[in-house]
Amino acid sequence: MTVAEPAPKPITSGKDPRFAPTLYAHVGQPESWTLDYFQRHGGYQGVRRAFAMGPDAVIEEVKKSGLRGRGGAGFATGLKWSFMPLKDGKPHYIICNADESEPGSFKDRYLLSEDPHQLIEGMLIGGYAMRASVGYIYIRGEYVHAAERMWAAIQEARAAGLLGKSVLGSGFDFDLQVHRGAGAYICGEETALMNSLEGLRANPRLKPPFPAAAGLYGLPTTINNVETFCAATQILKYGADWHARMGTEKSKGMKLFQISGPVARPGVYELPLGTTFRELIYDWAGGPLEEMKAIIPGGSSCPMLPWDDRVLDTPMEYESVAAAGSMLGTGGVTLIPKADCIVNATWNLVRFYGHESCGKCTPCREGISSWMTRMYEKLSRGHGQPGDVQLILDMSDNIGGRSFCALADACLGPVLSSIKLFREEYDQLAHTEQAMYPARRRWRDS
Amino acid sequence: MSYFADKQPLVTDIFSRYPASPQGRRSALMPLLREVQDAEGFVSEARMAEIAGLCGTTATEVRSVMSFYSTYHTLPTGRYHLQVCSTLMCALAGSDELWDHLVSVLDVQPGEVSPDGRFSVQKVECLGSCGTAPVVQLGDEGYYEQVTRAKCDRLLAAMRTDAPPPPDNPVPVTVREDGRQMLANGERVGASIADLAPVGSAMSGGEA
Amino acid sequence: MKVVVDGTELDLPAGTSGIDAVFAAGRDVPYFCAHPYLSPVGACRMCLVESGSPRKEKDGTFTLDEATGQPKIFWFPKPMAACTMQATDGMHIRTAKTSDVVAKAQAGMMEFTLLNHPLDCPTCDKGGACELQDRAFEYGYGASRFGFDRRHADKHYPLSDFVILDQERCIHCKRCVRYFEEVPGQEVLDFIERGGHTFIDTGEGGLPTGFQGNITDICPVGALLDNVARFRGRNWEYDHTPTTCTLCPVGCSVTLDARNGRLERVVAGENREVNEAWICDAGRFGHVFASEERLTVPLIRVDGQLRETDWDGAIAAMQRGLGGMSLADLALYLSADSTLEEGAALEALAGLTGTPSVDHWPRYGMNVETTATLTDVATADAVIVLGADLGEEAPVLELRVLEMLRGGILPPEFPHGTAIADLRLVERPTRHPERLAVIGGESRLSAHAGLRVSANGHNALARLMRPDTDELRAAAGLLAEAKKPVLILGADVLNSVTQDFTAALADLVTRTGAKVLPISAAPNSKGLAHLNLVPRAGGLGYDRLEEARAAFISRLDPAAHSLPGRARGFTIVHDTHLTRTARLADVVLPAVTNYEKRGTTVNLEGRLLPLRQAALSAGEGADLIRTLTALAEVLGVRAPVRGLKSAQALLQTRLGVDVTGLPNGGVIRPLGQRFEAPAGQVYAPRLWKERMHPDPERRGSGVPDREDRIATWELPMHDPALQPGGDD
Ligand SMILES: Cc1cc2nc3c(=O)[nH]c(=O)nc-3n(C[C@H](O)[C@H](O)[C@H](O)COP(=O)(O)O)c2cc1C
Ligand code: SF4
Ligand code: FES
């Protein structure tokens, strides 16, 4: 080594000439879900490299890559993997969280149905690193097609010796199973998911003990999102350094951003973390079809942000979005048009959380499911009274941070942010019983 | 009449996915419910008791678990059980009007089955297809996406002749055949996966 | 471990939960879902507190607060549920007393809890003893801002004959659901639906009889109510009498709720060493006999018919009937659920009259030494049940065995009582069926046993010692390998105990270190065995009643068991009801039930437990001591024991124990010599006696049900003689 080269600039835009999509590289290609296709496109190289490195080095590699969980919380994946009691010799489990039920998120579905082997490889890598011998893929019940593709891919992989006893002759035994959910958002919460997998009501469990100590069937378990495992596949294949070159200081790698609402090209875009909302919305998604007033930046639980230049220029990475007052979540961006009543839009989400509340704890069952929903119904139907908004705020204060799991807090994301940003719309409804933006026709004829 | 009595291989297969312990046995509860519902359209009390026996639990527990999830039915549904996503992203694309249209055209309310036994409707929450809103799920088959008024009517007509089209699966093709992504304006930008070199391969280090 | 609650520093054992730290400090937090004997779940969110902990620097020292030089406390940004939070060394906790955040959080949570709770406290049986009512008063806003209709659901939903559910009142604390799953190990009650629509129900067509009644005690609101006691009285109208249940030899703590002289309800009391907080359904619901069809006056036979009289009349009749008979001809038999005091009185009288024909029933021919306590059972690492049907013989012992299968975790005790939240208890705990072997007939417990061997009582032990099948070998192996094994012996074995058996058992105990818990035949047969209440030389045992020239039979009903129901000659029956045997008697004396006695009973462990007297109307009914005093008068002797005090003084000299002032929880004391004699008949334990069943039809009684009776009432609406007021 002679002179230290100046560190290359990180890749923070999908337009960067160095940025190559990997997670979705094959999504949409003919037969992309077959083992044959996958292997012709360099599949199962990451896991081979993992086997060559040894499990501890795999965890180090993932740590070095800076990968953070793509399920919403953004917890460092390598660190999470290292929480498993690696040397206890007990059976361990890994679970892939493919429950994807957060409104605004729809990235995992295509990973499952279009590139199932990428996930299998990622779970092999995770299973190897965490000394697990069984992995479960918990797919939300409605994703029938994805579950079928996943199932078929697992059969193919088994037949090819990629799952089962001594995978690829490595001496590492690993098998995968698909478990289908049946319609409950709470199953995305990791401990509720484990209950569901155990054939119980999907109520979240008490922590501690954390899943890494006592999870599925009481054994050490780690849960990761589909995208997280797929990213691990790419990291092992192309190296931690490659991954760490993309994104920002603390949010590294690429991410599947989803955009929905009235834009020209709604869909999933694979972009490096740090890409701005503006780039996503205008350059990739072709721009809004009408005037907008709010952005939900990362799935419905994330507080709405106002539609303004400051927000549009915010890089989509965990820290900057948090600084802007919201969360990156799952990266599911939704645009809310100016001409829509924000109270009505929020009611819709509140109803969603109320419907999905598991009913275990009081603030969520009574506060969200029973009361908040009806307060919004009252307001939206034009029966609001002065003081109702204040009451909603006070109720939120009694709910927030008091519930058993994060679902109740998730509901407060849209509630509190919409009141903060659009108080005048609320007040207008409460005082005049008239929405500032009356309902309008939105359903397209063809 | 027992449902699983003559389906031993299936039952064995389901149990084999979970540990051979009482807890593992219990895990089969949801897949077994799904089997019955797929075959019979709903899960009757007799079936619940049967499943309880298979999983080593009680009818109470089966009913408790079943009722927790929104896609299991205790009453028969129509042959075409249409589930309309009503969550915000679909609502922004007109799912409320879609729902009203369905209910009035089919003349069924949630919980009912149309007199010809064909249709039943249900409002459901986010189906995870927000990019192709509005979305209607057909039974346990799959989704119809971007259901415009014209498409809705086409679908209903097809179902009335018992020839529903297969579910849609439009894939958000953001990456082109060359592995590069395309901007909204048609421009291809960035690199392709073909330009990346797996670590340890000959090309490694070749690219900045 | 140092914990600071509202500024008060406490020293607490490691593992203490936040909620217990608060109570240990003499402070209070409201709670609904936590329960001392159930796993903490953190569902109701009422027990919110603020908490914070010091942090350590890299070098192991505490980060100091610059201002005070003390370790800096890092407070959690949000209030925490105290029931599921473990207190840690140095933790600070603030309750509503010192924190406005907590006060507001609790009031807000109370508002949510009350949101859908109906306002029917005035007609709710729980009123006045309702945790929700009390806590709402202490911690609520005092008003609700919920301007909508409350949830409507079924308000009269019977979960069984015994338990009625009001679905509107449920606050979803899950205590009942957890109870069934964790304690009797039955998944028979659970939530249905989710979110705001959640309600509880059973899919089993009714809760199983056994231990279902406990859910009516633990429900913090009036959602689950004792159907037998339903609408019988308000909580503040009841006289509450804590006493010991004597329907079986376990001796559970219970509280009797009586009103207007009727026993209306039995609720469980807490005795950490005996029944923890649970009782069986017989003990709870089987009390109706105490207030139904009671015999309230003496009866004498006149012209072949039983006629009512008073005690003087009865005494005269007895004098006539026994006239000319030698004192020693009168056989004396008593029920083995009589108190020690009653037994002592009878023993003394027998000593005086010199009758060799004395007996108590039920009992076994030989006594087997008891070396295990119920706590030993719960904390054992292996239990072998030999020839017992615990459901019939000692139901709560079954719960203690099941507790052993869950790991035998006994929640710690604090000055404020049993730990409210023991964090070692977990939902759906791992069970260890392999630690339990049931040898003998099928019983409810068999379903939980890892090892089941059918064998008859006679040779069960012999076969265990020389196992001839794989299962028996496994059971013997379990016993041999365990460190703290307990052997439970039931009726099927104890009915046929021989010298050989005792020797073999002694040998087994020496080899394995097992403790032995024989289940007494009757609630106090273990205590009465220490008094000389068995046939003496030349005497007639209870099995030979018909040979006696005359007999006095206290609260035994041989005729109901198709046995001869009277002596050869004059027969006196002392009982609470006109039993079949009483119908055959010459004189019937009214007795009192064990609910109306003071005295002492000895449970299967050898624990002396106090009986207290509830205020029930018993007419002229008298306990055995007073009855024997009258009998002594008839016989022309001065009764050696004339009241409770003298009986207890006698016990002090006879057994060397002071039974006055026993604590509610009782004490285990050696009682010295035991008396045994062949029993002459086999005892088949049965928990539910006909008379106990609340449903008159099942009880075999002609009394119409309350509803039917109400229908026949003529309400004296216009009776000018009617006075306002009445009994309330
Ligand atoms: C109410 C709730 C719903 C959630 N839903 C999902 C989900 O649908 N998919 C998902 O991957 N993670 C979901 N999560 C996050 C998971 O609990 C968990 O953090 C994640 O699966 C961890 O994976 P990661 O580390 O790969 O992100 C949810 C969390 C909560 C509290
Ligand atoms: S019925 Fe009572 S004990 Fe059961 S969940 Fe409801 S409030 Fe709790
Ligand atoms: S949350 Fe219910 S007592 Fe703590």
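Residue numbers (numbering that gives the first Met the number 0), protein chains in the order written: chain A, 0 to 445; chain B, 0 to 207; chain D, 0 to 727.
Cβ atoms here follow ideal geometry from the backbone N, Cα and C, with glycine treated the same way.
On a predicted model such as this, the values are computed, not experimentally measured, just so you know.
- Counting C-beta pairs with one atom in each stretch, the region 644-651 of chain D and the region 457-469 of chain D have fewer than three that are closer than 8 Å, which means they do not touch.
- Between M691/D and V496/D, the C-beta spacing is not below 7 Å.
- When DSSP states are grouped into helix, strand and coil, K173/D belongs to the coil group.
- With a threshold of 6 Å, the Cβ atom of F74/A counts as near ligand 1, since some heavy atom of the ligand is closer than that.
- Close to E60/B, with beta-carbon spacing below 7 Å, are these residues of chain D in chain order: E186 and D189.
- Contacts between A420/D and chain A, judged by CB atoms closer than 9 Å, are missing: the closest CB pair is about 11 Å apart.
- Between M88/B and C129/B, the C-beta spacing is below 7 Å.
- In this structure, M403/D sits near A377/D, with a CB-CB distance shorter than 7 Å.
- E101/A and L406/A do not touch by the CB rule: their CB atoms are close to 11 Å apart, not below 8 Å.
- In the same chain as P432/D, and ignoring 5 residues on each side of it, the C-beta atoms closer than 8 Å to its own belong to L404, H447, A448 and G449, in chain order.
- In this structure, D98/A has its CB closer than 6 Å to one or more heavy atoms of ligand 1.
- Secondary structure at K1/D: strand, using DSSP grouped into helix, strand and coil.
- Check the Cα spacing between A393/D and each of P428/D, Q85/D and L603/D: the tightest is with L603/D.
- In this structure, A131/A has its beta carbon at no less than 6 Å from each heavy atom of ligand 1.
- In this structure, E397/D and G390/D form a Cβ contact; the two beta carbons are roughly 6 Å apart against a cut-off of 8 Å.
- Here the alpha carbons of Q22/B and T56/B stand approximately 10 Å from one another.
- C-alpha of P517/D to C-alpha of A502/D: approximately 15 Å in a straight line.
- For the region 58-89 of chain B, residues whose beta-carbon sits nearer than 7 Å to a beta-carbon of chain A comprise S63, V64, F67, Y68, S69, T70, Y71, T86, L87 and M88.
- Remark: the shortest separation between the CB of C218/D and any heavy atom of ligand 2 falls under 6 Å.
- The Cβ of N194/A sits no closer than 7 Å to any Cβ of chain B.
- For D106/B, the number of other beta carbons within 10 angstroms of its own is below 16, and it is reported as exposed.
- Annotated three-state conformation of Y184/A is helix, per DSSP.
- Here K96/D has D5 and R26 as same chain residues with Cβ atoms under 7 Å from its own Cβ, once five neighbours each way along the sequence are excluded.
- Neighbourhood of T56/B in chain D, by CB distance below 8 Å: E186, in chain order.
- In the three-state DSSP reduction, D421/D falls in the coil class, being neither helix nor strand.
- In the structure shown, the three-state DSSP call for P20/A is coil.
- Between A201/A and the set E176/B, M0/B, M29/B and A193/B, the nearest pair of CA atoms involves M29/B.
- Any Cβ of chain B closer than 7 Å to the Cβ of G449/D would place that residue at the interface, and such an atom is absent.
- V100/D and Y36/A have their C-alpha atoms spaced approximately 59 Å apart.
- Remark: the shortest separation between the CB of R364/A and any heavy atom of ligand 1 does not fall under 6 Å.
- If you ignore the 5 residues before and after R179/B, its C-beta comes within less than 6 Å of the C-beta of R187, G189 and S191, all in its own chain and listed in chain order.
- L87, M88, A90, L91, A92, G93, E96 and L97: these are the residues of the region 87-106 of chain B whose beta carbon lies less than 7 Å from some beta carbon of chain A, given in chain order.
- Judged by DSSP in its simplified three-state form, I408/D adopts coil rather than helix or strand.
- By the criterion of a C-beta distance shorter than 6 Å, F288/D is surrounded in its chain by R690 and M691, once the five residues flanking it on both sides are discounted.
- L478/D and T511/D do touch by the CB rule: their CB atoms are close to 5 Å apart, below 8 Å.
- The beta carbon of V485/D sits closer than 7 Å to those of A371, D375, V376, A379, V382, A513, K514 and L516, all from its chain and outside the five residues before and after it, given in chain order.
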